[in-house]
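Reading through the structure tokens given below for one structure.
Numbering (our numbering), first residue to last: 129 to 318.
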């Protein structure tokens with residue numbers, strides 16, 4: 129030991145009260161270090177954060193109401209809407225496949241009855257529907273529940289077949305490529 133350390137050691141041994149304080153100070157230092165080590169610094173103080181958000185919400189609401197009042201203060205002269213008479217689009221052509229044959233409506237409101245094997249007349253009606261509304265590409269096929277599946281397929285094949293008159297008029301391979309199939313209404317069976 130060096131001389132100074134030996135003198136400090138002799139002084140500590142001579143003073144028991146200083147020795148007690150040193151032990152208590154050591155215990156206190158250990159207790160403080162343990163509390164610091166166990167204390168979690170990663171916790172958020174939620175109360176403070178709620179206070180900050182409440183103040184922010186107040187300022188946001190006040191500034192938005194002022195902005196809205198400024199917009200209402202502007203006298204805008206918007207043009208009036210004109211009541212243009214719009215022409216409703218033509219009705220979609222529809223076919224009903226029933227037990228007694230076909231009922232065809234090309235969109236003009238007149239329902240025509242056809243026999244199931246009358247493909248030439250069906251093609252002529254479909255061409256008339258396409259000439260009436262060239263932009264129309266959809267057709268509704270409603271089938272009665274008691275119709276055999278092969279009859280439905282035969283009608284769909286007839287719909288997809290393009291007549292020579294349609295080809296001569298310059299129409300595409302399918303007059304109505306969008307086909308919607310559904311069940312015929314209960315009153316349509318008669």
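Virtual Cβ for every residue (Gly too), placed ideally from N, Cα, C.
Would you kindly work out how many angstroms separate the C-alpha atoms of residue 243 and residue 286, rounded to a whole number?
Taking the first residue of the chain shown as 1, we reach residue 243 at position 115. Taking the first residue of the chain shown as 1, we reach residue 286 at position 158. Straight-line Cα distance between these residues: approximately 13 Å.
When you compare the CB positions of residue 309 and residue 254, do they come within less than 7 Å of one another, or not?
Here residue 309 corresponds to residue number 181 of the chain shown, with the count starting at 1. Here residue 254 corresponds to residue number 126 of the chain shown, with the count starting at 1. Contact flag unset, no.
Considering just the uninterrupted stretch of the alpha helix (DSSP H) at residue 224, what are its terminal residues?
What you label residue 224 is simply residue 96 of the chain shown in a count that begins at 1. Annotation: residue 224 is outside any alpha helix (DSSP H); the continuous beta strand (DSSP E) that includes it extends over 222 to 226.
Quick one: grab the DSSP three-state call for residue 270.
By 1-based counting over the chain shown, the position of residue 270 is 142. Strand at residue 270.
Measuring CA to CA, which of 229, 158, 159 is closest to residue 274?
The count along the chain shown starts at 1 and reaches residue 274 at position 146. Answer by Cα proximity: 229.
Give a yes or no on contact between the stretch 244 to 263 and the stretch 284 to 302, applying the rule of three or more CB pairs nearer than 8 Å.
yes
Would DSSP call residue 246 helix, strand or coil?
Counting from 1 along the chain shown, the entry for residue 246 is found at position 118. Correct three-state label for residue 246: coil.
DSSP state of residue 305, grouped into three classes?
As a first step, residue 305 is located in the chain shown; it is residue number 177 there, counting from the start. Residue 305: coil per DSSP, three-state reduction.
Kindly list the residues whose CB is nearer than 7 Å to the CB of residue 234, restricted to its own chain and excluding five residues on each side of it in sequence; keep chain order.
Position 106 of the chain shown holds residue 234. Correct list, in chain order: 221, 253, 256, 257, 260.
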